[in-house]
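Residue numbers (the UniProt record's numbering): 1 to 403.
So the structure is just underneath, and the comments pick up after that.
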Amino acid sequence: MYSVLIIDDEELSREGLIEFIPWENFGFKVVGEASDGLEGVALAKKLQPNLAICDIRMPKLSGLQMIEKIKNEVDDCFFIILSGYSDKDYFHLAIELNVCAYIEKPLEIEKFMRALKDVATKIERQKQQRMENEKLKHRVMKSHQLIYNTMLDMLVGKIRFDEGDLNKWLTNQPSPFLQWSGYQVLRIISDSSEAYQMLEKRCATLCESQQVFYLSQITDEGLLLIFEAKNNKWLELLELVLKEISTDTNIRFKGAVGRSVKEIDQIVLSYEDTVSMLKTMPYSYHLHTYSGSTGLDIIDTVKRLIQENPKKDLSNTELSSHVYVTPQYMCALFSEETGMTITEYKTQIRMEKAKELMLDSRLKLYEIADILGYDNAKYFSKVFKKYTNQTPREYRKSHGAVE
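Take a look at the structure:
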């Protein structure tokens, strides 16, 4: 049944319409009535009727004013106007508002029922059109997903195309993919297949917030993303998401990020990196990133950077950018291999350098502190004593370097 709202300031008119019109014969049911324009707008917003029947002249809002407001509140509502006036201006305004029928009072029942039949036909046609649109939308989405999945399979080498064919195929797709500055593959495996859709949504949110273009697909092998290699801040945030999900649900993950490549036909190399890494990786919320180096190479590079820059307190983000892994993974690897944190290693390097500088009696304490990146000489002295069990003065005295 299609819903009808009647708005008329004359109670007898409303009652007559409700009582004498065989609504059900045309597939209609009266769901509400209002006595003025404002009440009509409020009821229409609440009831969302298929058809509104109204008088042209009413208190508070005229029928035409009310129709304009209802159109902003109700999608696809049809209108029939009843009027005791044959004013041509009203008639033309009604046409502009796309009113289905303009019927003069006193009401001719046969004419009114013909108008109802016409409206019922329009509503049914609209309903069928909406269904066809949904079917078409579904087919388009299904086709798009097929194209999308095919593209991902080609890019990671599951479907073999030569470079020319692949470029030609991608050029015809509605995506700025060929204009990306670089490409990287992320793969995440979980011990719960139910986690992938949730994780795909979280990845999408992170990429969009960091303005990173991406393509994603859930496969039998887990979650696969190809993303533009320009801003990997989102990967750090993703590690926090994985940790959060793991803590809350006990679902385990392991993820790998392949090398960054410049050409689309090289994406398969980034994908193969993830395959190799995931074979031997334990479950962990840390993302393992390909660097072309072993874990020891990464640690050696981090140590060298710290040794060469004792004054500059390099952040973990700065250090990790030189070894192409996430800060979290770098810190975990460093601690595992050296038995100390990166912060502890920085302190060790600074204090060993401080011991050397202390032997030069010409250098003031604040000068040594400044050389090593400490703004406060008192704080430097405190750190030095904790490291050597001697104050700077005691250390100098014991080594014959009294000021």
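Backbone N, C-alpha and C fix where the C-beta goes; we use that ideal spot for every residue, glycine too.
Predicted, not measured: the structure shown is a model, and the values here were computed from it.
**OP:** Mark residue 216 as exposed unless 16 or more other C-beta atoms lie within 10 angstroms of its C-beta, in which case mark it buried.
**Re:** By the 10 Å Cβ count, residue 216 comes out buried.
Original post:
Terminal residues of the continuous alpha helix (DSSP H) containing residue 190?
Top reply: No alpha helix (DSSP H) contains residue 190, which is instead part of the beta strand (DSSP E) from 183 to 190.
Original post:
In three-state DSSP terms, what is residue 29?
Top reply: It is a strand residue.
**OP:** Note the first and the last residue of the continuous alpha helix (DSSP H) segment covering residue 384.
**Re:** Per DSSP, residue 384 is one residue of the alpha helix (DSSP H) stretching across 377 to 388.
Subject >> Sufficient close CB pairs (3 or more, under 8 angstroms) joining the stretch 276 to 288 to the stretch 297 to 317 >> reply: Between the stretch 276 to 288 and the stretch 297 to 317, the count of C-beta pairs closer than 8 angstroms stays below three; the two stretches do not touch.
Original post:
Is it true that the stretch 234 to 251 meets the stretch 186 to 196, where meeting means three or more beta-carbon pairs spaced less than 8 angstroms apart?
Top reply: In short, these stretches touch, since the Cβ pair count reaches three.
Original post:
So residue 16 is in the alpha helix (DSSP H); what residue range does that whole segment cover?
Top reply: Counting along the chain, the alpha helix (DSSP H) containing residue 16 begins and ends at 11 to 20.
Original post:
Count the other CB atoms within 10 Å of the CB of residue 399; is the residue buried (16 or more) or exposed (fewer)?
Top reply: Exposed.
Original post:
Which same chain residues, not among the five before or five after residue 327, have their C-beta less than 7 angstroms away from its C-beta?
Top reply: Same-chain partners within the cutoff: 236, 316, 317, 320.
Subject >> Sufficient close CB pairs (3 or more, under 8 angstroms) joining the stretch 15 to 33 to the stretch 68 to 76 >> reply: No: fewer than three Cβ pairs fall under 8 angstroms.
Original post:
Per DSSP, which one or two residues make a beta bridge with residue 255?
Top reply: Beta-bridge annotation (DSSP): residue 255 is paired with 188, 287.
Original post:
By a C-beta neighbour count over all protein chains shown, 10 Å radius and 16 as the cutoff for buried, is residue 96 buried or exposed?
Top reply: Exposed, since its Cβ has fewer than 16 Cβ neighbours within 10 Å.
Original post:
If we count Cβ pairs, one from each stretch, closer than 8 angstroms, do we get three or more for the stretch 77 to 85 versus the stretch 40 to 54?
Top reply: Counting C-beta pairs closer than 8 angstroms gives three or more between the stretch 77 to 85 and the stretch 40 to 54, which meets the contact rule.
Original post:
Contact check, residue 93 vs residue 64 under 8 angstroms by CB: the rounded distance?
Top reply: Contact holds; Cβ gap of about 5 angstroms.
**OP:** Check whether the Cβ atoms of residue 343 and residue 335 lie closer than 8 angstroms to each other.
**Re:** Cβ atoms of residue 343 and residue 335: not closer than 8 angstroms.
**OP:** Under 8 angstroms by Cβ, that's how I've got residue 234 and residue 261 pegged, so tell me the actual separation to the nearest angstrom.
**Re:** Separation of the CB atoms of residue 234 and residue 261 is rounded to 18 angstroms, and the pair is thereby denied contact status at 8 angstroms.
**OP:** Spatial neighbours of residue 353 within its chain, please: CB distance less than 7 angstroms, with the 5 preceding and 5 following residues excluded, ordered by chain position.
**Re:** 310, 372, listed in sequence order.
**OP:** Could you pull the start and end residues of the beta strand (DSSP E) that residue 83 belongs to?
**Re:** Residue 83 -> beta strand (DSSP E) spans 78 to 83.
Subject >> 8 angstroms contact criterion, which residue 100 and residue 118 should meet: CB distance rounded >> reply: With a contact defined as Cβ atoms closer than 8 angstroms, residue 100 and residue 118 qualify at about 7 angstroms.
Original post:
So what's residue 56 in DSSP terms, helix, strand or just coil?
Top reply: Secondary structure at residue 56: coil, using DSSP grouped into helix, strand and coil.
Original post:
Taking the Cβ atom as the reference point for each residue, do residue 396 and residue 351 lie within a distance shorter than 8 angstroms?
Top reply: Taking the C-beta atoms as reference points, residue 351 is found no nearer than 8 angstroms to residue 396.
Subject >> Residues of its chain near residue 43, where Cβ-Cβ distance is below 7 angstroms and the 5 sequence neighbours each way are ignored >> reply: Shown here for residue 43: same chain residues with a beta carbon closer than 7 angstroms to its own, the five before and five after excluded, namely 5, 32, 34 in chain order.
Original post:
With burial defined as no fewer than 16 other Cβ atoms inside 10 Å of the residue's Cβ, what is the status of residue 12: buried or exposed?
Top reply: Around the C-beta of residue 12, fewer than 16 other C-beta atoms lie within 10 Å, and the residue is accordingly described as exposed.
Subject >> Under 8 angstroms between C-beta atoms of residue 183 and residue 226 >> reply: Yes, they are a contact pair.
Original post:
DSSP state of residue 200, grouped into three classes?
Top reply: If DSSP states are grouped into helix, strand and coil, residue 200 belongs with the helices.
**OP:** With residue 217 as the anchor, note down where its beta strand (DSSP E) starts and where it stops.
**Re:** Element bounds for residue 217: 214 to 219.
**OP:** Please name the residue, chosen from 272, 244, 28, 59, that lies closest to residue 40 on a Cα-to-Cα basis.
**Re:** Minimum Cα distance to residue 40 is reached at 59.
**OP:** Just tell me which of 124, 376, 253, 57 has its CA closest to the CA of residue 448.
**Re:** Residue 448 cannot be examined here, being either before or after the span of the chain that is shown, 1 to 403.
Original post:
Assuming residue 338 and residue 299 make a contact with CB atoms under 8 angstroms, what is their CB distance in whole Å?
Top reply: So it is a contact: roughly 7 angstroms between Cβ atoms.
Original post:
Looking at the structure shown, is residue 321 part of a helix, part of a strand, or coil, going by DSSP?
Top reply: The answer is helix: DSSP assigns residue 321 an H, G or I state.
**OP:** Give a yes or no on whether the C-beta atoms belonging to residue 377 and residue 366 are separated by under 8 angstroms.
**Re:** In this structure, residue 366 lies closer than 8 angstroms to residue 377 by Cβ.
Original post:
In this structure, does DSSP put residue 2 in helix, strand or coil?
Top reply: DSSP places residue 2 in strand when its eight states are reduced to three.
**OP:** With DSSP collapsed to three states, give me the class of residue 391.
**Re:** Of the three classes helix, strand and coil, the one that applies to residue 391 here is coil, per DSSP.
Original post:
What first and last residue would you give for the beta strand (DSSP E) that runs through residue 43?
Top reply: Not the beta strand (DSSP E): residue 43 falls in the alpha helix (DSSP H), residues 37 to 47.
Subject >> Cβ neighbour criterion (16 or more within 10 Å) applied to residue 84 >> reply: With fewer than 16 other Cβ atoms within 10 Å, it is exposed.
Original post:
Would you call the CB atoms of residue 287 and residue 255 closer than 8 angstroms?
Top reply: In this structure, residue 255 lies closer than 8 angstroms to residue 287 by Cβ.
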